Amino acid sequence: KTTTTAKLARRLTQRDKKKVLMASLDVYRPAAQEQLAVLGRDLAVDTLPIVAGQQPVQIAQRALQAGKLGGYDVVLLDTAGRTTLDEQMMTEAAEVKASAQPHEILLVADSLTGQDAVNLARAFNERVGLTGIVLTRVDGDGRGGAALSMRAVTGKPIKLIGTGEKTDALEDFHPDRIAGRILGMGDVVALVEKAAAHIDAEKAARVA
Numbered sequence: 004k005t006t007t008t009a010k011l012a013r014r015l016t017q018r019d020k021k022k023v024l025m026a027s028l029d030v031y032r033p034a035a036q037e038q039l040a041v042l043g044r045d046l047a048v049d050t051l052p053i054v055a056g057q058q059p060v061q062i063a064q065r066a067l068q069a070g071k072l073g074g075y076d077v078v079l080l081d082t083a084g085r086t087t088l089d090e091q092m093m094t095e096a097a098e099v100k101a102s103a104q105p106h107e108i109l110l111v112a113d114s115l116t117g118q119d120a121v122n123l124a125r126a127f128n129e130r131v132g133l134t135g136i137v138l139t140r141v142d143g144d145g146r147g148g149a150a151l152s153m154r155a156v157t158g159k160p161i162k163l164i165g166t167g168e169k170t171d172a173l174e175d176f177h178p179d180r181i182a183g184r185i186l187g188m189g190d191v192v193a194l195v196e197k198a199a200a201h202i203d204a205e206k207a208a209r210v211a
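Per the working numbering, the very first residue in the sequence shown carries number 4; after that it's consecutive.
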């Protein structure tokens with residue numbers, strides 16, 4: 004999830020030329036806030052300075068204030084996550100939403116967790132209200148069966164998919180391609196797009 008925040012930041016800064024501020028609201032997982040700060044430094048994307056003892060809603064408010072004062076286009080709030088349903092987490096997420104009034108609420112779900120991820124998506128959507136889903140580890144063996152179920156139970160679009168650990172491994176979600184993966188046909192189109200992004204036409208002609 005924290006890596007996905009960094010992936011989103013990279014995409015917004017490099018592709019969309021946005022000024023982005025990242026803020027970690029995860030005060031539970033050891034070094035979660037430092038992890039985001041390190042990713043930010045690697046990508047040359049600003050992260051909100053860590054203030055010890057602050058709670059998630061306070062951090063969210065400080066991030067929005069810093070975003071306005073600093074002239075940022077986008078503020079990304081990386082909230083705490085769990086792999087199972089957790090009442091405290093749901094309540095906290097709802098409080099952050101009420102305080103920050105975000106434009107997008109994306110659930111980052113592991114495509115390999117199957118039914119657990121589906122239950123999580125349903126509960127999150129009912130309690131917090133999602134605008135979309137980001138599926139990670141779509142490069143694994145699960146092939147996205149959870150994707151279809153999550154879409155069905157929440158009615159929310161799957162917007163992005165993570166296809167690896169590196170910060171450039173984030174793709175737009177295309178249902179037909181996931182269908183192709185599930186059916187075992189591979190994802191040639193994504194492969195071609197990836198190649199096109201890395202090889203310029205002249206060089207490609209020489210290679211050919």
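Glycine is no exception: its CB is placed at the ideal position from the N, C-alpha and C atoms. Everything numeric in this text was worked out from a predicted model, so none of it was measured.
>> Can you give me the C-alpha to C-alpha distance between Thr16 and Ala47, rounded to a whole angstrom?
In response: 9 Å
> Does DSSP put Thr116 in a helix, in a strand, or in coil?
Replying inline: coil
>> Quick check on Leu39: does DSSP put it in helix, strand or coil?
In response: helix
> Given 8 Å as the limit, is there contact between the segment 194-203 and the segment 41-58, that is, 3 or more CB pairs closer than that?
Replying inline: no
> Whose CA, out of Leu138, Gly183 and Leu194, lies closest to the CA of Glu168?
Replying inline: Leu138
> For His106, which of Arg130, Glu95, Val77 and Ala112 has the nearest alpha-carbon?
Replying inline: Val77
> Among Glu37, Thr82, Arg130 and Met153, which one has its Cα closest to the Cα of Gln118?
Replying inline: Looking from the CA of Gln118, the closest CA among Glu37, Thr82, Arg130 and Met153 belongs to Met153.
> Are Leu88 and Asn128 touching if we call contact CB-CB under 8 Å?
Replying inline: no
>> If I measure Cβ to Cβ from Thr3 and keep anything under 6 Å in the same chain, skipping five residues before and after, which residues do I get?
In response: There is simply no residue 3 to check, as the chain begins at 4 and stops at 211 in what is shown.
> With a cut-off of 8 Å, does the C-beta of Val111 fall near any C-beta of chain B?
Replying inline: You won't find chain B in this structure, because it holds only one protein chain.
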